[in-house]
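J.: Mapping of the sequence shown onto this note's numbering: residues 51 to 720, in sequence order. Backbone N, C-alpha and C fix where the C-beta goes; we use that ideal spot for every residue, glycine too. Questions regarding the structure given below will be posed in turn.
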Amino acid sequence: MGLKQPSRKQAEQKIRKLREEIKHHEKKYYVDNDPQISDYEFDLLVKSLKELEGQFPDLITPDSPTQRVGEQPISGFSSVEHSLPMLSLDNCYSYEELEEFEERIHKIIPGEKIEYVAELKIDGLGISVIYRDGRFTQAVTRGDGYRGDEVTLNVKTIRSFPLTIKDHHEIEVRGEVYLPFASFEMTNQEREKKGEPLFANPRNAAAGSLRHLDPREAASRQLDVFLYSIFTEGKEQKSQWNSLQRLKELGFKINPHSRRYTSLAQIRSFWEEWNEKRESLDYDVDGVVVKVDSVRQQNALGRTSKFPRWAISFKFPARQATTQIKDIRVQVGRTGALTPVAILEPVQLSGITISRSTLHNEDEIRRKDIRIGDHVLIERSGDVIPKVVSVMKERRTGKESRFVFPTRCPVCNSSVFKPEGEAISRCENPSCPARLRESLLHFASRRAMNIEGLGDALVDQLMDNGLVRSIPDLYNLKLQGLENLERMGSKSSRNLLDEIEKSKQRALPRLIFALGIRYVGERTAQALAAHFKDLEKLSTAPLEELVQVEDVGPKVGESVVFFFRQPENRKLLSRLKKAGLKLSHKEEAKKGTLPLAGQTFVLTGKLSEITRDEAAEIIESLGGTVSSSVSSRTTYVIVGESPGSKLIRAKRLGIPTIEEKEFAKLVGKG
Ligand code: IVH
């Protein structure tokens, strides 16, 4: 272009102005639903900003609108503790139960007038986002309520989240991330085209997107969010209603249908209204959340171990219909689980045509006495795939037939394993095509053989092109075959081969864990490795010896025996051995005598001499543990270049921090 390069100062000013403008229009478009300029004009603004930032890369800041979608896939998610637990809600299904909820409140705080906020209960995923110094800093999923996964880069792609806010306190906001129906359908259509398994409902699709390792993928799914809580360091909102208003003031998206009420009768009308109208929304709602408005009263009411006593979810009834079962088929899932599925006479259920229904497992079919040809009542609660509620036995004609559950895998014909007292039968052949994909991903995963770069997309390609038909095939991959794959240049092919080669050196506990034996998690794998010291010995161990091992009961023991009894798995073992994997512990040292035994390390920032994974391996090999979040139990935080919030947390908790050099000395590599 003939344009003159702007001076640095001019660029700085222009960049600031463009960012303000873009942020303003993002809010108008995504939060307020009230766009003021065309998409084209908006794109032009972003393009100018990108150009300027391209000329002055050092002026790029993480909160620039150009930085919403990271360019690089990430290698995994770390688990983070919530500062306050993210509780779930107690449910009720009738007005009487809602009255009982109020009675319980009156018992605890007698004589007080209670005001409520009624909000729609969005069927999505709970999320917590922290803003520090006015900037979007960290996003964590609800997880089990106490710990969740850090999904910052993915949540940052949600355009209705402001990247900056005008409040410099440390602020945590919480809300529900969801996938609008339209985006859900688009996602599933694309998956169908690619032959990928479909998501059962928008919630699962949203969960999948949040946990996608490539933020660009997550961005393409068009997630959205409604916020409902805000916690500001050193300040407390007086009421839920004020919280919602404050969220709105700061530019967050709140659900527009929330209302404040003074009586349960009003809440009942609100509930009835939305029970009728719920289909008109572009997202799934499964009830009304009723919250005591006053924060003082909330605090007085407190919580049980699971739920707050000041809130309840008043659920909408599930949507039901009747139809006929035409056939029952068995599907093999990615974990090898055999799931019987009823093929139904297609029927409309709240706007969606239903033609299949999961029957869960063999016992369920027997318990409900479900037969082919039966008329059944089905129910949808969020899922696109509904369940059978009951059989209408009075409509039987005698022509119905009982279903016989297969004893061999319908895909690969291996025998099926069903542990005593369990409902689900599984195909235990890791090379069963239905299972292979999952087995490969697990084998390559970070805590198993740690083969970097071998993720979903590549595994699919390898399988589709017939390059990998079983786990050991990984070790026969050649540069030539890989280079011919789409999007696999020679550099990435070589990297992959290097990674695979390196994996041959992994320690025995990782290999045992990587095999994906049912019930054998990391800890059990470690215990088994310590006891047997040799994979071949483990593979022939009788049950009596297995149960001698710490952490191994009959259930785990039986599963190990079953696994190694399969001819496919014996072959797997001998091929891995031939490929050069280490099947035995050479210098087996007891963990307790290793130099870093009992010490827990957390890594933050980029290290210069080695990668974080390599550091983690060194620590583990010396008996130490690596954790992803800083807590009072952390021994050291190892600090690299541009460390994250873990450093701040370490300082706050008074945990010693060391730099890479000191770490090298500590592990004897200085
Ligand atoms: S309040 C202690 N409000 O439902 C307060 N939750 O079953 C707990 N949810 O974990 C959350 N819409 O993920 C609240 N308007 C709403 C909600 C909502 C959906 C989710 C949330 C929570 C789950 C509890």
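Relative to the C-alpha of G225, which residue among T111, G184, F276, T237 is closest?
T.: As a position in the sequence shown, residue 225 is number 175, starting the count at 1. Looking at the Cα atoms, F276 is the closest of the given residues.
J.: So, for P252: in the same chain, excluding its five sequence neighbours on each side, which residues have a beta-carbon less than 6 Å away from its beta-carbon?
T.: Locating residue 252 in the sequence shown gives position 202, where the first residue counts as 1. Excluding sequence neighbours, P252 sits near L229, F234, D334.
J.: Could you tell me the boundaries of the beta strand (DSSP E) in which R33 lies?
T.: As shown, the chain starts at 51 and ends at 720. That puts residue 33 outside it, with no answer to give.
J.: When the distance is taken between beta carbons, is M499 closer than 8 Å to R446?
T.: Working through the sequence shown from its first residue, we reach residue 446 at position 396. Working through the sequence shown from its first residue, we reach residue 499 at position 449. No. Outside cutoff.
J.: Pairs of beta-carbons, one from the segment 185 to 205 and one from the segment 156 to 171, closer than 8 Å: are there three or more?
T.: no
J.: Whole angstroms are fine: how far does the CA of V345 sit from the CA of P212?
T.: To locate residue 212, count along the sequence shown from 1; it is residue 162. To locate residue 345, count along the sequence shown from 1; it is residue 295. Between P212 and V345, the C-alpha separation is close to 26 Å.
J.: If you drop the 5 nearest sequence neighbours on each side, which residues of the same chain put their C-beta closer than 8 Å to that of R359?
T.: Position 309 of the sequence shown, counting from 1, holds the residue named residue 359. The residues are R154, I155, I158, L351, G352, R353.
J.: Kindly provide the ranges of any alpha helix (DSSP H) runs that are 4 or more residues long and lie completely inside the segment 172 to 214, ordered along the chain.
T.: List check, alpha helix (DSSP H) in window: 202 to 206.
J.: Starting from F723, follow its DSSP beta bridges and name the residues at the other end.
T.: With the chain covering only 51 through 720, there is no way to say anything about residue 723.
J.: Can you tell me whether F302 is helix, strand or coil according to DSSP?
T.: In the sequence shown, residue 302 corresponds to position 252, counting from 1. F302: coil per DSSP, three-state reduction.
J.: Please identify the residue among P617, E600, D601 whose C-alpha is closest to the C-alpha of S589.
T.: For the purposes of this step, residue 589 is identified with residue 539 of the sequence shown, where counting begins at 1. Comparing Cα-Cα distances from S589 to each of P617, E600, D601, the minimum goes to P617.
J.: In whole angstroms, what separates the C-alpha of E638 from that of I562?
T.: On the sequence shown, position 588 is the one that residue 638 refers to. On the sequence shown, position 512 is the one that residue 562 refers to. Only weak support exists for where E638 lies, its pLDDT of 44 falling under 50; the coordinates are left without a value.
J.: Excluding sequence positions up to five away, which residues of its chain have a Cβ less than 7 Å from the Cβ of G673?
T.: The sequence position of residue 673 within the sequence shown is 623, counting from 1. If we look at G673 and ignore the five residues flanking it on each side, its Cβ neighbours are K641, L644, P645, L646, A647.
J.: Please work out which residues of its chain come closer than 6 Å, Cβ to Cβ, to Y80, disregarding the five sequence neighbours upstream and downstream, and give them in chain order.
T.: Counting from 1 along the sequence shown, the entry for residue 80 is found at position 30. Around Y80: R209, S210.
J.: Any idea if N534 is buried or exposed, counting beta-carbon neighbours within 10 angstroms, 16 or more meaning buried?
T.: Taking the first residue of the sequence shown as position 1, residue 534 is located at position 484. Exposed.
J.: Using a threshold of 8 Å, state whether the C-beta atoms of L139 and I362 are closer than that.
T.: Here residue 139 is taken as the residue at index 89 of the sequence shown, counted from 1. Here residue 362 is taken as the residue at index 312 of the sequence shown, counted from 1. Yes, the Cβ-Cβ distance between L139 and I362 is below 8 Å.
J.: Express the C-alpha separation of Y569 and E472 in angstroms, rounding to a whole number.
T.: Along the sequence shown, one-based indexing puts residue 472 at 422. Along the sequence shown, one-based indexing puts residue 569 at 519. In a straight line, the C-alpha of E472 is about 13 Å away from that of Y569.
J.: Quick one: Cα of I378 to Cα of R421, how far?
T.: Working through the sequence shown from its first residue, we reach residue 378 at position 328. Working through the sequence shown from its first residue, we reach residue 421 at position 371. Their backbone Cα atoms lie some 8 Å apart in a straight line.
J.: How should Y181 be labelled, buried or exposed, when 16 other C-beta atoms within 10 angstroms of its C-beta is the threshold for buried?
T.: In the sequence shown, residue 181 corresponds to position 131, counting from 1. Counting C-beta atoms within 10 angstroms of its own C-beta, Y181 has 16 or more neighbours from the protein chains shown and is therefore classed as buried.
J.: Only counting the same chain, and skipping five residues up and downstream in sequence, which positions put a Cβ closer than 8 Å to that of P396?
T.: Counted from its first residue, the sequence shown places residue 396 at position 346. Hits under 8 Å: T373, T403, I404, S405.
J.: Counting pairs of beta carbons, one from the segment 652 to 670 and one from the segment 614 to 631, are three or more of them closer than 8 Å?
T.: no
J.: Are there any heavy atoms of the ligand IVH lying less than 7 Å away from the beta-carbon of I172, as far as the coordinates show?
T.: By 1-based counting over the sequence shown, the position of residue 172 is 122. If you check the C-beta of I172 against the ligand IVH, you find a heavy atom less than 7 Å away.
J.: What did DSSP end up calling K628 once you bin it into helix, strand or coil?
T.: For the purposes of this step, residue 628 is taken as the residue at position 578 of the sequence shown. Three-state DSSP puts K628 in a helix.
J.: At what residue ranges does the segment 385 to 460 contain a whole run of the beta strand (DSSP E), taking only runs of 3 or more?
T.: 388 to 399, 402 to 408, 425 to 430, 437 to 441
J.: Just to confirm the assignment, what range does the beta strand (DSSP E) spanning Q316 have?
T.: Indexing the sequence shown from 1 puts residue 316 at position 266. From DSSP, Q316 is part of no beta strand (DSSP E) but of the alpha helix (DSSP H) over 314 to 327.
J.: How is the alpha helix (DSSP H) around N545 delimited, first residue to last?
T.: The residue given as residue 545 occupies position 495 in the sequence shown. Taken as a continuous stretch (DSSP letters only), the alpha helix (DSSP H) holding N545 covers 540 to 553.
J.: Residues in the same chain with beta-carbon distance under 8 Å from Q598, minus the five sequence neighbours each way, listed in chain order, please.
T.: Counting from 1 along the sequence shown, the entry for residue 598 is found at position 548. So the qualifying residues of the chain are H581.
J.: Out of curiosity, what's the CA-to-CA distance linking A724 and V439?
T.: The chain is shown only over 51 to 720; residue 724 falls outside these bounds and no answer can be derived.
J.: Decide if V205 is buried, meaning its Cβ has at least 16 other Cβ atoms within 10 Å, or exposed.
T.: By one-based count along the sequence shown, residue 205 stands at place 155. Under the 10 Å beta carbon count, V205 is surrounded by 16 or more other beta carbons and is classified as buried.
J.: Tell me whether K715 sits in a helix, a strand or coil according to DSSP, three-state version.
T.: Residue mapping note: residue 715 aligns to position 665 of the sequence shown, counting from 1. The answer is helix: DSSP assigns K715 an H, G or I state.
J.: Pair every Cβ in the segment 91 to 103 with every Cβ in the segment 325 to 333, then say whether three or more of these pairs are closer than 8 Å.
T.: no
J.: Of the residues G258, E329, A494, V441, which one's Cα is nearest the Cα of R271?
T.: Here residue 271 corresponds to residue number 221 of the sequence shown, with the count starting at 1. The alpha carbon of R271 has as its nearest neighbour, out of G258, E329, A494, V441, the alpha carbon of G258.
J.: Indicate whether the contact test is met: 3 or more Cβ pairs, each with one atom in the segment 472 to 486 and one in the segment 519 to 532, closer than 8 Å.
T.: Segment contact: the segment 472 to 486 against the segment 519 to 532, three or more CB-CB distances shorter than 8 Å; contact assigned.
J.: Does the segment 606 to 614 come close enough to the segment 504 to 515 that 3 or more CB-CB pairs lie under 8 Å?
T.: The segment 504 to 515 makes no contact with the segment 606 to 614; the number of CB pairs closer than 8 Å stays below 3.
J.: For R266, I'd like the list of residues in its chain whose CB is within less than 7 Å of its CB, leaving aside the five on either flank, ordered along the chain.
T.: As a working note, residue 266 is residue 216 in the sequence shown. So the list reads V119, once near-sequence residues are dropped.
J.: Can you tell me where the beta strand (DSSP E) holding Q374 begins and where it ends?
T.: Counting from one through the sequence shown, the residue named residue 374 turns up at place 324. Where Q374 is concerned, the enclosing beta strand (DSSP E) stretches over 369 to 382.
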